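Scroll down for the structure; my scribbles are underneath it.
Residue numbers (my numbering): 1420 to 1694.
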């Protein structure tokens, strides 16, 4: 599949409708592009350059940002704070990929981001039809919860997790699982969604089974470390939606992974129990 096929129409629209100046790099040591989401000046259009697929990708990034901003205004940050936090992280990641010219990586992440935002929109619509979204907690309590979500997310979404063609977990990643389990046992409102992935080596059927096995292995060890398995859902994407495109050793290593979403939603509204 042509990685830019899904943005061909948006390519021309980007030049017509979204005219803005390019962001400039900060001084060395002050942080990268789009590190702070709220203050990001990342531009969806690159002035004075020929139109190309990158313009369509930047336009798609802008559409995703507008969708996320709209969901936040509708109360998503109160009903689903963990999902919003991770969506903001993904927006920042895509901005950095586009700024660095990593078009294929950005295209993959945009596909993932739009799917997650559409899912979030459906969940938010359901909750709002049952009850209003109100702040689940105030001040330090809410901020502390988000810090825990971020800590767990960073622990579990790292490179170098699995051996080649195996569900065997890297010993260092095993340590991350143990640390995350200890944190999660103290924060019972948080759940995990674990999705397994494989590199492009092997058939699609084999990779789908391998990826699911990796997700289930992560669930198994989190349970061994004391986390209730009912708090963990497992899925498989096989070799679809790799984190990076390519067939080098480093790319394959990174794509042998699980991606983990940290969910702190059901504690925030009684209506969420029905989801």
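Cβ atoms here follow ideal geometry from the backbone N, Cα and C, with glycine treated the same way. Please read these numbers as outputs of a predicted model, since none were measured by experiment.
7 Å Cβ shell around residue i - same chain, five flanking residues per side excluded
i: residue 1660; result: 1527, 1530, 1531
i: residue 1678; result: 1576, 1614, 1616
i: residue 1683; result: 1500, 1501, 1564, 1568, 1608, 1609
i: residue 1480; result: 1463, 1513, 1514, 1517, 1529
i: residue 1496; result: 1503
i: residue 1491; result: 1503
Span of the alpha helix (DSSP H), counted from its first residue to its last, around residue i
i: residue 1670; result: 1668-1674
i: residue 1508; result: 1500-1518
i: residue 1603; result: 1590-1605
Inter-residue spacing [alpha-carbon to alpha-carbon] between residue i and residue j
i: residue 1566; j: residue 1649; result: 23 Å
i: residue 1662; j: residue 1623; result: 17 Å
i: residue 1478; j: residue 1644; result: 44 Å
i: residue 1538; j: residue 1489; result: 14 Å
i: residue 1610; j: residue 1681; result: 6 Å
i: residue 1670; j: residue 1548; result: 44 Å
i: residue 1621; j: residue 1585; result: 12 Å
i: residue 1604; j: residue 1653; result: 19 Å
i: residue 1658; j: residue 1524; result: 14 Å
i: residue 1599; j: residue 1634; result: 15 Å
i: residue 1588; j: residue 1641; result: 12 Å
i: residue 1540; j: residue 1485; result: 13 Å
i: residue 1639; j: residue 1560; result: 30 Å
i: residue 1519; j: residue 1574; result: 25 Å
Endpoints, the beta strand (DSSP E) within which residue i is located
i: residue 1680; result: 1677-1682
i: residue 1654; result: 1651-1655
Test item: CB-CB of residue i and residue j under 8 Å
i: residue 1504; j: residue 1569; result: yes
i: residue 1572; j: residue 1580; result: no
i: residue 1536; j: residue 1514; result: no
i: residue 1618; j: residue 1674; result: yes
i: residue 1596; j: residue 1637; result: yes
i: residue 1630; j: residue 1655; result: yes
i: residue 1483; j: residue 1533; result: yes
Helix, strand or coil at residue i according to DSSP, with G and I counted as helix
i: residue 1561; result: helix
i: residue 1640; result: helix
i: residue 1618; result: coil
i: residue 1608; result: coil
i: residue 1577; result: coil
i: residue 1583; result: coil
Contacts around residue i, its chain only, beta-carbon distance under 8 Å, and the 5 residues preceding and following it disregarded
i: residue 1632; result: 1586, 1615
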